[in-house]
Amino acid sequence: MTTELSVLAWGCVLAIVHIFAAVRMKTRQYGARWNTGARDEELSPLSPVAGRLARAQANYLETFPVMAAAILIVAAAGLESRWTAIGALLWLVARIVYLPLYAFGVPVVRTLVWTLSLIGIVMVLWPALAAIFS
0 MTTELSVLAW GCVLAIVHIF AAVRMKTRQY GARWNTGARD EELSPLSPVA
50 GRLARAQANY LETFPVMAAA ILIVAAAGLE SRWTAIGALL WLVARIVYLP
100 LYAFGVPVVR TLVWTLSLIG IVMVLWPALA AIFS
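Be aware that the sequence shown starts at 0, since it is given in numbering that gives the first Met the number 0, and climbs by one per residue.
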């Protein structure tokens, strides 16, 4: 399996980590009854950490499909290279680092790490875009 596809698999695992981290903190705040119920009731605002984990999860789930598509496009077109592998790894490492930075409320560094993850996406997608215009 290519590095890019391995990163995609680990990206799926990281999505599950995001989901469980966010729901664990919500359950800690609202209780197991809320977690196992219909969740129809109006709730108090999330605690700061639970809110940050929910926002980190939303952010991840907004960008993960773009990375997944980029990896699948590059793999299907046979455009993998050293640079797409580096881009995929950069994205994965940045996204792993991003979660605790967001959870602990680290401001500027979190945004820089997110930017690195975006650069990783562009590095993977670039050969596909270049192929379109060549």
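Ideal Cβ placement from N, Cα and C applies to all residues, glycine included.
Quick caveat: nothing in here was measured; it's all calculated off a predicted structure.
Residue j beta carbon less than 7 Å from that of residue i
{"i": "residue 78", "j": "residue 126", "result": "yes"}
{"i": "residue 66", "j": "residue 18", "result": "no"}
{"i": "residue 12", "j": "residue 70", "result": "no"}
{"i": "residue 96", "j": "residue 112", "result": "yes"}
{"i": "residue 130", "j": "residue 63", "result": "no"}
Residues near residue i in its chain [Cβ-Cβ closer than 6 Å; skip 5 each side]
{"i": "residue 25", "result": "49"}
Residue i in three-state terms, based on DSSP
{"i": "residue 116", "result": "helix"}
{"i": "residue 61", "result": "helix"}
{"i": "residue 132", "result": "coil"}
{"i": "residue 38", "result": "coil"}
{"i": "residue 89", "result": "helix"}
{"i": "residue 78", "result": "coil"}
{"i": "residue 111", "result": "helix"}
Limits of the unbroken alpha helix (DSSP H) element including residue i
{"i": "residue 105", "result": "Note, residue 105: premise wrong, no alpha helix (DSSP H); not H, not E."}
{"i": "residue 3", "result": "2-29"}
From the options, residue whose alpha carbon lies closest to that of residue i
{"i": "residue 61", "options": "1, 112, 117 and 129", "result": "117"}
{"i": "residue 55", "options": "132, 133, 110 and 130", "result": "110"}
{"i": "residue 0", "options": "75, 58, 44 and 23", "result": "75"}
{"i": "residue 45", "options": "59, 31 and 22", "result": "22"}
Neighbourhood of residue i by C-beta, 8 Å cutoff - its chain only, sequence neighbours within 5 removed
{"i": "residue 33", "result": "25, 26, 40 and 42"}
Any C-beta of chain C under 7 Å from that of residue i
{"i": "residue 100", "result": "Annotation note: the requested chain C is absent from the structure, which comprises a single protein chain."}
Neighbourhood of residue i by C-beta distance below 7 Å, restricted to the same chain and skipping five residues each side
{"i": "residue 87", "result": "2, 3, 6, 70, 119 and 123"}
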